[in-house]
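**Q**
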Amino acid sequence: MQETGLQETGLHSSSDSSLNGSDSVMDAPSVPLLEHQGGLMIAVKATLVRDLTLLLRRRGEVLNPLVFFALVITLFPIAISPDPELLATIAPGLLWVAALLAALLSLDSLFRSDYDDGSLEQLLLAPQPLAALSVAKVAVHWLLTGLPLALMAPLLGIMLALPAGSYAVLALSLALGTASLSLIGAIGAALTVGLARGGVLLSLLVLPLYIPVLIFGAGAVQAAILGDGVSAHLAILGALLAASLMLAPWAIAASLRISING
Amino acid sequence: MWAFIHKLGSPKWFYGISAKLQPWFWAAAVLLLVTGSLWGLAFAPADYQQGNSFRIIYVHVPAAFLAQSIFISMAVSGLVFMVWKIKVADMAAAVMAPLGAAMTFVALFSGAVWGVPTWGTWWMWDARLTSMLILLFLYLGVIALRGAFTSRDSASRAASVLAMVGVINIPIIKYSVDWWYTLHQPASFTLTSRPTMPTEMWLPLVIMVLGFYSFFIALTLMRTRSEILRRESSKRWVQDLVNGRVVNAQAEETR
């Protein structure tokens, strides 16, 4: 009954089954395309849930980048000058650089624990494409690193006397930008996950690739302060995100295969 | 076509053919570099604005050309290695990386030296200098990543992936740095806004660029040959070559 229904309605039901879960898929092994699609969604969802659960149980790891962000921002007024006017001029750059470094700091653990306990190999062995599964892992990384950093940045902006009117742009540019940073950084993390001392190498590999995002992210905040239009900067940040979302997963998957086989 | 690719993929065949090609590129490199530098440094007229200091262009521009071309050829070699598993391509990519980093450094250093008479400072955050500096970091990343792996195969594939990622990013970095420059600083002096060059200044530059390219090809051939010997040292033909039967082996290959 169910099988014939699925075959008759074709496309429509395939999207249905992917949402419904495994039951209908398990019942219809004679339709390989359907099984594959359903399997993909289930696998991505399972990866998302698993990674979220794991990270939420290790709250220290989630909090570390945030604490690092706050600490680095605290260092600058101490080292440079507590003068609010001076701080206001350099605040956009400082906030962006500090957030970028905090995101970088958390990258090393992106695949590390999975590599150590062997679950990364299971991901590679899964019938679903590794690129899709790694996007799920990166999405979790952004949810628990980039997004909190973006939400926290306005608070630190107040401390740096960031001029009013640029707070929303700061949070928005960081939210968009850190997503690209997570995707690009995951390539470096995947390349270095098999190495014993990958941390320093990771920053050497990834930081040059971060520069475009930094330019347009900090540029957006600066444009907001000067009262210029910010839509161009945000649009380019979005374009960078789209491009890295399109290309980075393949590089991440290829790099993970290299690291596992090597 | 396929037969050619398979032949090119064989280190032994490449070792033979490169022995024949190498002298020609060395000769071309020496000839072009000597002609170009003599003409450029001694005979080309001095610039009416910059005087004799403009002659740094004869080193600076070819080095900058080469720095970018080497990264692209490194990425192409990486792609060839990843797609067709041609080992020679990876060997070439491995020996290109240090030369590319050196050329980037030469371009940066000559740019800094040129900056003293023209800009009055060793370093400006000029858009071009900045993107060259980033290119140097990209080179260092590729070299460091290759060195970090214990397994050579993993090192080769990781370096290939990183070179390809880098080559996609180079234009993005270049244009964003250009944008950043125009956003943050008033347009002051750029290297490009020189008045159009007369032929007697421009021709030596072309000769120097060609000379640098010949030098790059010759050096890459030479170093790839050593790399072949090093990596294939367990193969019979290499051992024959090393153990005295040099003449025979080379005659056999080049035939």
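Respectively, the protein sequence lines represent chains A and B. Mapped onto the numbering used here, the consecutive letters of the first sequence carry residue numbers 1 to 262. Mapped onto the numbering used here, the consecutive letters of the second sequence carry residue numbers 263 to 517. For each residue, glycine too, the CB sits at the ideal point set by N, CA and C.
To the nearest angstrom, report how far apart residue 205 of chain A and residue 408 of chain B are at their CA atoms.
**A** 11 Å
**Q** What does residue 502 of chain B pair with, by DSSP beta-bridge criteria?
**A** None, per the DSSP bridge assignment.
**Q** Answer with buried or exposed for residue 226 of chain A, where buried requires no fewer than 16 other C-beta atoms within 10 angstroms of its C-beta.
**A** exposed
**Q** Can you give me the C-alpha to C-alpha distance between residue 26 of chain A and residue 53 of chain A, rounded to a whole angstrom?
**A** Because the pLDDT at residue 26 of chain A is just 48, under 50, the model does not fix this residue reliably, and the value given afterwards should be weighed accordingly. Straight-line Cα distance between these residues: approximately 26 Å.
**Q** Just to confirm my understanding: we take residue 347 of chain B, look at its own chain, exclude 5 residues before and 5 after, and list those with CB closer than 6 Å. What are they?
**A** Excluding residues up to 5 positions away in sequence, nothing lies with its Cβ nearer than 6 Å to the Cβ of residue 347 of chain B in the same chain.
**Q** Buried or exposed, going by whether 16 or more other CB atoms sit within 10 Å of the CB of residue 30 of chain A?
**A** Below a pLDDT of 50, predicted positions are generally treated as unreliable, and residue 30 of chain A, at 48, falls in that range; no measurement from the model is reported.
**Q** Distance, Cα to Cα, residue 171 of chain A vs residue 342 of chain B?
**A** About 42 Å.
**Q** Within 10 Å of its beta-carbon, does residue 251 of chain A have 16 or more other beta-carbons around it, so buried, or fewer, so exposed?
**A** buried
**Q** Tell me, which residues are paired with residue 309 of chain B by DSSP?
**A** When DSSP reads this structure, residue 309 of chain B sits in a beta bridge with B/313.
**Q** Please state the DSSP three-state secondary structure of residue 484 of chain B.
**A** Three-state result, residue 484 of chain B: helix.
**Q** Which residues in the same chain have their Cβ closer than 6 Å to the Cβ of residue 389 of chain B, if we skip the five residues on either side of it in sequence?
**A** Its chain contains 439, 440 and 443 as the residues whose beta carbon lies nearer than 6 Å to that of residue 389 of chain B, once the 5 sequence neighbours on both sides are disregarded; these appear in chain order.
**Q** Judging by CA-CA distance, which residue of B/395, B/358, B/359 and B/487 is the nearest neighbour of residue 211 of chain A?
**A** Answer by Cα proximity: B/395.
**Q** Taking all protein chains shown into account, decide if residue 487 of chain B is buried (16 or more other Cβ within 10 angstroms of its Cβ) or exposed.
**A** buried
**Q** Below 8 Å, how does it come out for the region 126-134 of chain A and the region 236-254 of chain A: are there three or more Cβ pairs, yes or no?
**A** yes
**Q** In chain A, which residues lie less than 7 Å from residue 396 of chain B when you measure between Cβ atoms?
**A** The contacting residues are 208 and 211.
**Q** Checking 8 Å against the spacing of the C-beta atoms, do residue 180 of chain A and residue 106 of chain A come in under that value?
**A** Taking 8 Å as the Cβ cut-off, residue 180 of chain A and residue 106 of chain A do not qualify as a contacting pair.
**Q** What are the boundary residues of the alpha helix (DSSP H) that includes residue 408 of chain B?
**A** Residues 389-410.
**Q** Counting along the chain, where does the alpha helix (DSSP H) carrying residue 153 of chain A start and finish?
**A** 147-159
**Q** With H, G and I counted as helix, E and B as strand and the rest as coil, what does DSSP make of residue 81 of chain A?
**A** coil
**Q** Please report the residue range of the alpha helix (DSSP H) in which residue 257 of chain A lies.
**A** Per DSSP, the unbroken alpha helix (DSSP H) holding residue 257 of chain A starts and ends at 231-261.
**Q** Can you give the Cα-Cα distance for residue 177 of chain A and residue 432 of chain B, rounded to whole angstroms?
**A** 18 Å
**Q** Since residue 251 of chain A meets chain B, which of its residues come closer than 8 Å, beta carbon to beta carbon?
**A** 423, 426 and 427
**Q** If we define contact as Cβ-Cβ less than 8 Å, is residue 111 of chain A a contact residue for chain B?
**A** no
**Q** For residue 425 of chain B, collect the residues of the same chain with a Cβ closer than 6 Å to its Cβ; drop the 5 residues on either side in sequence, then sort them by chain order.
**A** Cβ within range, chain order: 336, 337, 340 and 404.
**Q** Does any CB atom of chain A fall closer than 8 Å to the CB of residue 430 of chain B?
**A** yes
**Q** Which residues, in order along the region 65-91 of chain A, keep a beta-carbon less than 8 Å from a beta-carbon of chain B?
**A** Of all residues in the region 65-91 of chain A, none has a C-beta nearer than 8 Å to a C-beta of chain B.
**Q** Taking 6 Å as the limit between beta carbons, can you name the residues of its chain near residue 478 of chain B, skipping five residues before and five after?
**A** Residues 328 of the same chain have their beta carbon placed closer than 6 Å to that of residue 478 of chain B, with the five preceding and five following residues left out of the count.
**Q** For residue 272 of chain B, count neighbouring Cβ atoms within 10 angstroms of its own Cβ and tell me buried if that reaches 16, exposed if not.
**A** It counts as exposed.
**Q** With DSSP run on the structure shown, which of helix, strand or coil describes residue 108 of chain A?
**A** coil
**Q** If we define contact as Cβ-Cβ less than 8 Å, is residue 340 of chain B a contact residue for chain A?
**A** no
**Q** Give the DSSP-derived three-state secondary structure of residue 197 of chain A in the structure shown.
**A** Here residue 197 of chain A carries a coil assignment [DSSP, helix/strand/coil].
**Q** Counting only Cβ pairs nearer than 7 Å, list the residues of chain A close to residue 400 of chain B.
**A** Chain A residues near residue 400 of chain B: 208.
**Q** List, in order along the chain, the chain B residues whose C-beta lies closer than 8 Å to that of residue 255 of chain A?
**A** 420 and 423
**Q** For the candidate residues A/142, A/238, A/46 and A/75, whose alpha-carbon lies nearest to that of residue 126 of chain A?
**A** A/46
**Q** With 16 other CB atoms within 10 Å as the buried threshold, where does residue 185 of chain A fall?
**A** buried
**Q** Under DSSP, the alpha helix (DSSP H) around residue 365 of chain B begins and ends at which residues?
**A** 349-381
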